[in-house]
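Asker: Questions regarding the structure given below will be posed in turn.
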Amino acid sequence: MSSKDLIQSGILELYALGLCSKEEALRVEEALRSDEQAKKEYEEVCEALNHLAEERRIEPPAGLKSRLMDKINASEQESLAEMEIADKAKPDTKKTRAIPVQKKIAADVPAQDAPLAPNPRLIRYQWLAAASVILFFASAAINWELYKRMNSAEEEAAILRNNNMLLTDENGSIRSNFEQMRQQYAFLGNKNVEAIDLACTPEYKESEAMVFWDKENGDIYVIANALKALGPDEQYQLWAMDNGVPKSAGLLPNEFMDGTAYKLGNISSSQAFAITIEKKGGAISPTLDKMVVFGKI
1 MSSKDLIQSG
11 ILELYALGLC
21 SKEEALRVEE
31 ALRSDEQAKK
41 EYEEVCEALN
51 HLAEERRIEP
61 PAGLKSRLMD
71 KINASEQESL
81 AEMEIADKAK
91 PDTKKTRAIP
101 VQKKIAADVP
111 AQDAPLAPNP
121 RLIRYQWLAA
131 ASVILFFASA
141 AINWELYKRM
151 NSAEEEAAIL
161 RNNNMLLTDE
171 NGSIRSNFEQ
181 MRQQYAFLGN
191 KNVEAIDLAC
201 TPEYKESEAM
211 VFWDKENGDI
221 YVIANALKAL
231 GPDEQYQLWA
241 MDNGVPKSAG
251 LLPNEFMDGT
261 AYKLGNISSS
271 QAFAITIEKK
281 GGAISPTLDK
291 MVVFGKI
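Take my numbering: the final residue in the sequence shown is number 297, and no numbers are missing along the way.
Here it is in C-alpha cells:
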C-alpha cells in the first residue's frame, strides 16, 4: 500500500486511537519507519486529536469527589447497620462474638480507609465513559479525514471551474474567429463571382495568386497563395486589363498573409488580371518587367 492509499484509508487515525487490527498496526508501524510522508501525516493526526481532546475536555463539577465519598460512606454504614441487625437476630453465643469484631473494626480502622466492594453502578458508568471517549476520538478521526477530503474536493472543483472558464473563453474566441472568416469568405458562395488563377511569370517562378471578381457589382478579392515578402518601400499592385488598357484595381497590404482574402478595388470590365511590384503607394501604370503573376478570364 502506498503512502497516499494509507493516508486516505483512515488507518492512521484508527492506529492513533488504538482501534486498528494487529495486522493493520504492523503495516502502519512499517510505514512510519520507512515513509516520511506517512510519518508526517501521523504526527499531524496525533496533534489534531490532542487538540480536539483538549478543546472538548470536560472538568468535573466542584465537590463531586466529596459527594461521591459521602454516598459511599453512607452506603457502607447502612451495610454495617444491616449486619448488626442480622447478628442480633442470631443466638447469643454468636452475637457475643460478632459485636466486638464490628466494634474493633470501627474503633481501629477509619471507615473511609476500609477496602470497598466494587459498585456495579459505578463500574457501568466507567464503561460508558470509556466508550464515550473512544467514540469521540473515532468521530474526531473520521471528521479529520472528511475535512481533508472536502478540502481536496474543493480544490479540484476550483480547478474544474477555472478550466471551464478557460474553455468558455476559448470557445468564444473560436466563434469570433469563425464569424470573421465566414464574413471574409462570404463572396465564395456568390454565384456571380468568377475565380481567375494568376500564374507566375518566367522572372518570378513559384509565385501564385487568385482573383475573385463579382461581375454584378464589380468587387474584387485577391488571395496571395505564394507571393514573397517585399521590402518596406515596395508593394504589390493589382491591375485589370480592359481591352489592352491596364487599370489599377488596388494594392495588397504590406504585411499580407498567404491564403487570406483581401478585398481591393472595383472593376466593371476586364479580360485579364496581373500583379506587379511597385513602389509603396502604387503607380499610375504597371512596371511590366516586375510583373509577378498574370491570368486571363
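Don't be surprised by glycine CBs; every beta carbon is placed ideally from N, CA and C.
Check whether the Cβ atoms of Pro286 and Trp239 lie closer than 9 Å to each other.
Answerer: On the sequence shown, residue 286 is found 286 positions in, with the first residue counted as 1. On the sequence shown, residue 239 is found 239 positions in, with the first residue counted as 1. For Pro286 and Trp239, yes; Cβs fall inside 9 Å.
Asker: Please state if the CB of Ala38 and the CB of Ser3 are separated by a distance shorter than 9 Å.
Answerer: Indexing the sequence shown from 1 puts residue 3 at position 3. Indexing the sequence shown from 1 puts residue 38 at position 38. Taking 9 Å as the Cβ cut-off, Ser3 and Ala38 qualify as a contacting pair.
Asker: Any idea which residues DSSP pairs Leu278 with across the strands?
Answerer: Indexing the sequence shown from 1 puts residue 278 at position 278. The sequence shown places Glu at residue 278, not Leu. Per DSSP, Gln235.
Asker: Determine the DSSP secondary structure at Tyr221, reduced to helix, strand or coil.
Answerer: On the sequence shown, residue 221 is found 221 positions in, with the first residue counted as 1. Strand at Tyr221.
Asker: Per DSSP, what kind of secondary structure is Leu19 in: helix, strand or coil?
Answerer: In the sequence shown, counting from the first residue as 1, residue 19 sits at position 19. Residue state, collapsed to three classes: coil.
Asker: Across which residues does DSSP place Phe273 in a beta bridge pair?
Answerer: Position 273 of the sequence shown, counted from the first residue, corresponds to residue 273. DSSP output for Phe273 lists Ala240, Gly295 as bridge partner(s).
Asker: For Lys247, does the three-state DSSP call read helix, strand or coil?
Answerer: Taking the first residue of the sequence shown as position 1, residue 247 is located at position 247. Strand, per DSSP.
Asker: Can you look up Asp35 in the DSSP assignment and give me helix, strand or coil?
Answerer: Numbered from 1 along the sequence shown, position 35 holds the residue referred to as residue 35. Asp35: coil per DSSP, three-state reduction.
Asker: From this set, Tyr204, Glu206, Tyr185, Trp213, which residue's C-alpha is nearest Glu194's C-alpha?
Answerer: Residue numbering aside, residue 194 sits at position 194 when the sequence shown is read from its first letter. Of Tyr204, Glu206, Tyr185, Trp213, the residue nearest in Cα terms is Trp213.
Asker: Rounded to a whole number of angstroms, what is the C-alpha to C-alpha distance between Val211 and Leu252?
Answerer: Working through the sequence shown from its first residue, we reach residue 211 at position 211. Working through the sequence shown from its first residue, we reach residue 252 at position 252. So the alpha carbons of these two residues sit roughly 12 Å apart.
Asker: Can you tell me the Cα-Cα spacing of Asp197 and Ala209, whole angstroms?
Answerer: What you label residue 197 is simply residue 197 of the sequence shown in a count that begins at 1. What you label residue 209 is simply residue 209 of the sequence shown in a count that begins at 1. Cα-Cα distance, rounded: 6 Å.
Asker: Given a threshold of 16 other Cβ atoms within 10 Å of its Cβ, counted over all protein chains shown, does Pro232 qualify as buried or as exposed?
Answerer: Looking up residue 232 in the sequence shown gives position 232. Classification for Pro232: exposed.
Asker: Could you check what DSSP says for Asp258 in three-state terms: helix, strand or coil?
Answerer: As a first step, residue 258 must be located in the sequence shown, where it is residue number 258. Residue state, collapsed to three classes: coil.
Asker: Is it the case that the Cβ atoms of Ser270 and Asp242 are separated by a distance below 9 Å?
Answerer: Residue 270 sits at position 270 when you count from the first residue of the sequence shown. Residue 242 sits at position 242 when you count from the first residue of the sequence shown. Cβ atoms of Ser270 and Asp242: closer than 9 Å.
Asker: Give me the Cα-Cα distance between Leu166 and Asp35, rounded to the nearest whole angstrom.
Answerer: To locate residue 166, count along the sequence shown from 1; it is residue 166. To locate residue 35, count along the sequence shown from 1; it is residue 35. Straight-line Cα distance between these residues: approximately 38 Å.
Asker: From the DSSP output, in three-state form, read off Glu194 for me.
Answerer: Here residue 194 refers to the residue found at position 194 when the sequence shown is read from its first residue. Correct three-state label for Glu194: strand.
Asker: Compute the distance between the beta-carbons of Lys296 and Ile267, then report whether it is under 9 Å.
Answerer: As a position in the sequence shown, residue 296 is number 296, starting the count at 1. As a position in the sequence shown, residue 267 is number 267, starting the count at 1. Against a cut-off of 9 Å, the Cβ pair of Ile267 and Lys296 comes out as no contact.
Asker: State yes or no: is the C-beta of Ala31 within less than 9 Å of the C-beta of Leu49?
Answerer: As a working mapping, residue 31 is identified with position 31 in the sequence shown. As a working mapping, residue 49 is identified with position 49 in the sequence shown. Going by C-beta atoms, Ala31 is not nearer than 9 Å to Leu49.
Asker: By alpha-carbon positions, which one of Ala261, Ala224, Gly259 ends up nearest to Thr276?
Answerer: As a position in the sequence shown, residue 276 is number 276, starting the count at 1. Closest by alpha carbon: Ala224.
Asker: Between Val109 and Ile134, what straight-line distance do the alpha-carbon atoms span, to the nearest angstrom?
Answerer: Indexing the sequence shown from 1 puts residue 109 at position 109. Indexing the sequence shown from 1 puts residue 134 at position 134. Only weak support exists for where Val109 lies, its pLDDT of 42 falling under 50; the value from the coordinates is given anyway. Roughly 39 Å separates the two Cα atoms.
Asker: Can you name the start and end residues of the alpha helix (DSSP H) that Asp289 belongs to?
Answerer: Against the sequence shown, residue 289 aligns to sequence position 289. It is not in any alpha helix (DSSP H) - Asp289 carries neither H nor E in the DSSP assignment.
Asker: Which of the three DSSP states, helix, strand or coil, is assigned to Leu146?
Answerer: Here residue 146 corresponds to residue number 146 of the sequence shown, with the count starting at 1. Note: Leu146 maps to helix in three-state DSSP.
Asker: By the three-class DSSP mapping on this structure, what secondary structure does Glu13 have?
Answerer: Here the question's residue 13 lines up with position 13 in the sequence shown. Helix, per DSSP.
Asker: Who are the Cβ neighbours of Met291 in its own chain at under 6 Å, not counting the five residues just before and after it?
Answerer: Position 291 of the sequence shown holds residue 291. Hits under 6 Å: Thr201, Ala274, Thr276.
Asker: Where does Ala229 sit, in a helix, a strand or coil, going by DSSP?
Answerer: Position 229 of the sequence shown holds residue 229. In this structure, Ala229 counts as coil in the three-state DSSP scheme.
Asker: From the DSSP output, which residues share a beta bridge with Val45?
Answerer: Here residue 45 refers to the residue found at position 45 when the sequence shown is read from its first residue. Partner(s): none; Val45 has no beta bridge.
Asker: Per DSSP, what kind of secondary structure is Lys103 in: helix, strand or coil?
Answerer: Residue numbering aside, residue 103 sits at position 103 when the sequence shown is read from its first letter. No answer about Lys103 holds up, because its pLDDT of 41 lies below 50 and its placement is not dependable.
Asker: Can you find a C-beta in chain B that's less than 9 Å from the C-beta of Ile284?
Answerer: Checking the listed chains, one finds no chain B in this structure; it contains a single protein chain.
Asker: Name the residue from Met150, Glu234, Ala25, Gly244 whose alpha carbon lies nearest to the alpha carbon of Lys280.
Answerer: Position 280 of the sequence shown, counted from the start, is the residue given in the question as residue 280. It is Glu234.
Asker: Buried or exposed, going by whether 16 or more other CB atoms sit within 10 Å of the CB of Leu188?
Answerer: As a position in the sequence shown, residue 188 is number 188, starting the count at 1. Leu188 is exposed by the Cβ-count criterion.
Asker: Give the C-beta separation of Ile220 and Gly250 to the nearest angstrom, bearing in mind that I take them to be a contact with Cβ-Cβ under 8 Å.
Answerer: Working through the sequence shown from its first residue, we reach residue 220 at position 220. Working through the sequence shown from its first residue, we reach residue 250 at position 250. The Cβ separation is near 7 Å, so the contact holds.
Asker: Between Glu24 and Leu14, is the Cβ-Cβ spacing less than 9 Å?
Answerer: One-based indexing of the sequence shown puts residue 24 at position 24. One-based indexing of the sequence shown puts residue 14 at position 14. Yes, the Cβ-Cβ distance between Glu24 and Leu14 is below 9 Å.
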